[in-house]
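Take a look at the structure below.
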Amino acid sequence: MLWALAAVTLALTNPLQVSAGDEEQPVARHYITAPSAPMTQTVEQADAKSAGCKSCHSSTDAWTMHKTDAVVLGCVDCHGGNAQVMAPAGLSKADPAYARLRDQAHVLPRYPKAWNFPSSANPKQSYTLLNREAPEFIRFVNPSDYRVARESCGACHTAEIQAAERSLMATGTMFFGGASYNNGIVPYKNYILGEAYTRDGKPARVLSPGSPPGTVTDAEKKRGAIATLYPLPTWEVTSPADIFRVFERGGRNIGTQFPDIGLPDETGQLQRLEEPGRPDIRQSNRGPGTGLRVAIPVLNIHKTRLNDPFMWFLGTNDQPGDYRSSGCAGCHVVYANDREPRHSLTYAKFGRDGTSASADSTIPRDEPGHRPARGDPGAQHPQDPPERPVHLVHGHQ
Ligand code: HEC
Ligand code: HEC
Ligand code: HEC
Ligand code: HEC
């Protein structure tokens, strides 16, 4: 495990690569949170919340993302935005008035550069961008992101949201548990770490649905159920049992001060010079969070899960297998990993490059970063059992 993790991490460390959005200062905006989608409403009420949107988005695969007419929703119920902004018929996309109206109707990002605004293609390698972005904008680009799914889907799918948030595909507990125990970050064999965030992107604790929440019965415990999951701690407070210290320089003279890595005469005492050419025989004297000032295993597991994100983040959008969205859409708005019909079934014909084949003519079709169609997140599951979706979730490192 240790060596496997080390190899993965060294292969990925590219100091020149900065995350999308680094350096960019947030644009100050006044956000209006749209009311949550209601469980029931009249068709007229719903239509009023789609009117302006449809003046540009004049065709689509499924108006509510659900193919059945039984689901009555307006665009704003899920996405937010201003449905009163109307584009006059025949207004050209190239007209500056078109862009103005689009921006009045849409919710705009805090970090336009990171999102390549106004492109609707998801950016490559967005890493933690969703945790910094405004929840209103996240809801606009992906109403099913877990930070906002209660607002867009909660009236009808609270049970699925709660189950999805606790799922391994969201928390990554297996990964955090294995990597942290095997690498000496925490001394527990029972897994306690997992990934989750609040609406505004702060680290969150996950509680079991027990009574009271955060408890499990003895029988559940025996089956391996976990009562509480905590976010990964920061490196300053993790244990010193840091096996990656074998990479640090030891030497003949181990002082009581912070080690000065690679300096042959750190004390300035001539008689205590390190002898050149002799192997380093001991580890450095570094305590937790001192010396090198990083805990390599903690850094490694952060990097690994950001390069291969779970459902709280967008796919990395840089290669086939990684063009998925976050949240429910990450699985239910399907695209193909490859063009082989035996793997990708009905999705194979859309290709594997994350291009759109949506009936919505506003969405460019020649760029990666989209899902092929926006139909029903459900009806995209072909109904014939052998054609149930293969898990096209992410490519593993
Ligand atoms: C004046 C025209 C116009 C209006 C009005 C409009 N849109 Fe759009 N919308 C566009 C265009 C054009 C794009 C594609 C931008 C691109 O990728 O170049 C788009 C993209 C989007 C996207 C994808 C955004 C992303 O970054 O992933 C969503 C979601 C969306 N629109 C929803 C809405 C909703 C909801 C409304 C009504 C509240 C609305 N739009 C009103 C023109 C419009
Ligand atoms: C049930 C909630 C829901 C409703 C209602 C809804 N959408 Fe969406 N929409 C979504 C989800 C979820 C996605 C997928 C986001 C993703 O893949 O990241 C999406 C995606 C989109 C996209 C992005 C497509 C792309 O290829 O990037 C556009 C544009 C859009 N919706 C417009 C609309 C318009 C216009 C309406 C109203 C006619 C509407 N939506 C109604 C939930 C909804
Ligand atoms: C990791 C992938 C994944 C994610 C994320 C996911 N789902 Fe699913 N979901 C599935 C699969 C696969 C099925 C089909 C299961 C089956 O056929 O037995 C399914 C089935 C469903 C069903 C049908 C349930 C039934 O009893 O037939 C609903 C409703 C649903 N999902 C809603 C959601 C919602 C809402 C979210 C987000 C909160 C979500 N899903 C997130 C993979 C996912
Ligand atoms: C107004 C209530 C309502 C809202 C809001 C709503 N849904 Fe649904 N959803 C339904 C109903 C009802 C069905 C079952 C439709 C059917 O059986 O044909 C359904 C079905 C689904 C399925 C189908 C699973 C399957 O294969 O059968 C998925 C996935 C899903 N919804 C996701 C979402 C997501 C994601 C959101 C929020 C962005 C959302 N829904 C918002 C009512 C809603």
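The opening position of the sequence shown corresponds to residue 6 in my numbering, with each subsequent residue numbered one higher. All C-beta atoms, glycine included, are put in the ideal place defined by N, C-alpha and C.
Between H162 and G199, the alpha-carbon positions lie close to 23 Å from each other. Beta-bridge annotation (DSSP): T233 is paired with L212. Here the C-alpha atom of K354 lies approximately 18 Å from the C-alpha atom of P369. Look at I190: its beta carbon is at least 8 Å from all of the heavy atoms in ligand 3.
Here Y186 carries a helix assignment [DSSP, helix/strand/coil].
When DSSP reads this structure, L304 sits in no beta bridge, so it has no partner. Taking the Cβ of C61 as the reference point, every heavy atom of ligand 3 lies at 8 Å or farther away.
With at least 16 other beta carbons inside 10 angstroms of its own, I190 counts as buried.
Per DSSP, the unbroken alpha helix (DSSP H) holding Y103 starts and ends at 101-110. In this model, V48 and L78 are separated by some 8 Å (Cα to Cα).
Here P140 is actually not in contact with R210; their C-beta atoms are around 19 Å apart, not less than 8 Å. If you draw a straight line from the Cα of C58 to the Cα of F145, it comes to about 12 Å. The C-beta distance from F318 to L96 rounds to 36 Å, too long to meet the 8 Å contact threshold.
The count of Cβ pairs closer than 8 Å, one atom from the stretch 80-88 and one from the stretch 24-44, reaches three, so the stretches are in contact. If you check the CB distance, A154 and G320 do not come in under 9 Å.
By the 16-neighbour rule on beta-carbons within 10 angstroms, P314 is buried. The beta-carbon separation of T367 and H62, rounded to 6 Å, stays under the 8 Å limit for a contact. Here L106 is buried. Its C-beta has 16 or more other C-beta atoms within 10 Å.
The beta-bridge partner set that DSSP reports for Y202 consists of P208. In the structure shown, L96 adopts coil according to DSSP, grouped into three states. In the DSSP annotation of this structure, F355 is not part of any alpha helix (DSSP H), being labelled neither H nor E. Looking at S172, K207, Y186, P128, the one whose alpha-carbon comes closest to that of S213 is S172. In the structure shown, L311 falls within a helical segment according to DSSP collapsed to helix, strand and coil. Distance from the C-beta of S363 to the nearest heavy atom of ligand 2 is below 8 Å. Closest in alpha carbon position to G183, among A175, N195, Y132, is N195. Under the three-state reduction of DSSP, H375 is assigned to coil, being neither helix nor strand.
Counting along the chain, the unbroken alpha helix (DSSP H) around T176 starts and ends at 173-176. Take the alpha-carbon of D52 and the one of K72: they are about 16 Å apart. With fewer than 16 other Cβ atoms inside 10 Å of its own Cβ, L275 counts as exposed. Counting only residues of its own chain and dropping the five nearest sequence neighbours on each side, I197 has a CB closer than 6 Å to the CB of Y235. In the three-state scheme derived from DSSP, where H, G and I count as helix and E and B as strand, E28 is classed as coil. Under the three-state reduction of DSSP output, L134 falls in the helix class.
Of H337, R329, D343, A364, the smallest CA-CA separation from H375 is found for R329.
When R137, D100, S125, M91 are compared, the shortest CA-CA separation from A110 is found for M91. Between P377 and the set E29, H35, A56, T65, the nearest pair of CA atoms involves T65. Annotation: the continuous alpha helix (DSSP H) that includes F145 extends over 140-146.
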